[in-house]
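Structure first, commentary second.
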Amino acid sequence: MSTTAREAAAEILRSYDGPALRIMEVCGTHTHEIFRLGIRKLLPQQVDLISGPGCPVCVTPVGFIDEAVWLAEHGVTVTTFGDLVRVPGTSKNLADARAAGGRVQVVYSPLDALVYAKEHADEQVAFLSVGFETTIPAACLAADQAHEEAVGNFSLLTANKTMPNAYAALRQSADVFLYPGHVHAITGTGLCEELARQGVSGVLAGFTANELVTALAVAVRKFQEGKPFFVNAYPRVVRSEGTPAAVALMEKVMEPVDAEWRGLGVIPQSGLQLREAYAGVDARKKFDMPHIEGKPNPACRCGEVLQGHCKPSDCPLFGKVCSPQHPVGACMVSGEGACSAYFQYGGGLL
Ligand code: SF4
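If you read the sequence shown in my numbering, its first letter stands for residue 51, the second for the next number, and so on.
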């Protein structure tokens, strides 16, 4: 896109004088990039950007962190992306478990965790499989390889989420969804088209300044037409059919399950768990884990932030007790979390 075209899109945003409009950035990376690039400053007052639940770490319930801590305290090496180490559980996080002698290993991919397991045959190794359709295929690949190669010391602890039923649960929270480009690069655009037929509007957005400004300009223009719509404003990456091989792998290894989302509660069939054929790499079954009910910190308003019911800056702990250095809730820990975006880029002041 030329600078002129981006300026034209920016002018569409600046000059919007239609009715109040709530746009939900479903994806945490969108929230961060819109802040970081200063795009919020282009928007008139009646356009409200709401942060949604599209940060996998943020929507992971407290009970899952407690389960991961349980594994670390029972001699299992927990492998995970770095963000999860500092997410508070009911009474401790994985960093606390590590300080108390548990083994917690940060990895960059599920396949790295599998390699670690192969290189440490004397350890039981569990990977924390927390993600959306974007990253679940990689976890499925690691589980499938471990299963095929009979790697006896590798497993997954799953808390995966899928978007379709979450959109349905959130449809009253926004007028337009800014759909997550990475998720739909895997799943395609069929769901977004179906939602538009059901009256739910949305624009699929990429992640560059040009792509984000364009997607928002499309959202305000189409909203003024007064009819439900869907536009793929990220066609260089998202194809209507998505990535069938990745979808097939997910379907082979995992099956839908009711899933608890922080703040949103249990959404039917909105998670993915390992199929019975993969019980040997399912940490819950392998270690006969007890059901653990987590207790969220009642002072943290992450749940409301994730539903778009309040902004991070409405939380009394924001920037005082809670900061990226001393996070009280998951939304301040994660690099994709709304609270961390508001803290880093001063969004509370905009
Ligand atoms: S500012 Fe901290 S305590 Fe408040 S909602 Fe965000 S993460 Fe929770």
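Cβ atoms here follow ideal geometry from the backbone N, Cα and C, with glycine treated the same way.
Measure the Cβ-Cβ separation of residue i and residue j and say whether it is below 8 Å.
i: Ala196; j: Val226; result: no
i: Ala176; j: Thr110; result: no
i: Ala388; j: Pro362; result: yes
i: Val157; j: Ala163; result: yes
i: Ala235; j: Asn203; result: no
i: Thr212; j: Ser290; result: no
i: Leu228; j: His124; result: no
i: Asn347; j: Pro160; result: no
Considering residue i, what are the terminal residues of the alpha helix (DSSP H) in which it resides?
i: Ser390; result: Ala388 to Tyr395
i: Val316; result: That residue, Val316, is in no alpha helix (DSSP H); its beta strand (DSSP E) goes Gly315 to Leu324.
i: Pro160; result: Pro160 to Glu169
i: Met300; result: Pro294 to Val303
i: Glu75; result: Segment Leu71 to Cys77 is the beta strand (DSSP E) holding Glu75; no alpha helix (DSSP H) there.
i: Gln155; result: Counting along the chain, Gln155 falls outside any alpha helix (DSSP H), though it belongs to the beta strand (DSSP E) covering Val154 to Val156.
With respect to the beta strand (DSSP E) encompassing residue i, which residues constitute its N-terminal and C-terminal limits?
i: Leu178; result: Val175 to Ser179
i: Tyr229; result: Val226 to Pro230
Should residue i be counted as a contact of the ligand SAM given a C-beta to heavy atom distance under 7 Å?
i: Val157; result: With respect to small molecules bound, the structure shown includes the ligand SF4 and not the ligand SAM.
Whose C-alpha, out of the options, is nearest the C-alpha of residue i?
i: Cys360; options: Leu99, Ile89, Tyr217 and Asp67; result: Leu99
i: Leu254; options: Leu266, Arg247 and Gln248; result: Leu266
i: Phe280; options: Ala149, Trp311 and Leu245; result: Leu245
i: Phe368; options: Tyr392, Asn347 and Gly358; result: Tyr392
i: Leu356; options: Leu314, Ser390, Val126 and Gly231; result: Leu314
Can you tell me whether residue i is helix, strand or coil according to DSSP?
i: Phe204; result: strand
i: Phe280; result: strand
i: Gln96; result: coil
i: Val331; result: helix
i: Leu220; result: helix
i: Asn210; result: strand
i: Ala309; result: strand
i: Ser363; result: helix
i: Phe131; result: coil
i: Cys350; result: coil
i: Leu415; result: The displayed coordinates of the chain run from 51 to 400. Any statement about residue 415 would go beyond what the structure contains.
i: Leu399; result: The predicted model places Leu399 with a pLDDT of 38, which falls under 50 and marks its position as unreliable; any figure quoted below should be read in that light. Leu399: helix per DSSP, three-state reduction.
i: Gly68; result: coil
Assuming the contact rule is C-beta atoms closer than 8 Å, residue i and residue j should be a hit. Round their C-beta distance to whole Å, please.
i: Ala209; j: Phe114; result: 4 Å
i: Val102; j: Leu262; result: It is worth fixing the name first, because residue 102 is Gly in this sequence and not Val. About 15 Å separates the two Cβ atoms, so there is no contact after all.
i: Thr140; j: Lys345; result: 5 Å
i: Leu92; j: Ala60; result: 5 Å
i: Ser223; j: Leu206; result: Going by Cβ atoms, the distance from Ser223 to Leu206 rounds to 31 Å, so no, they are not a contact pair.
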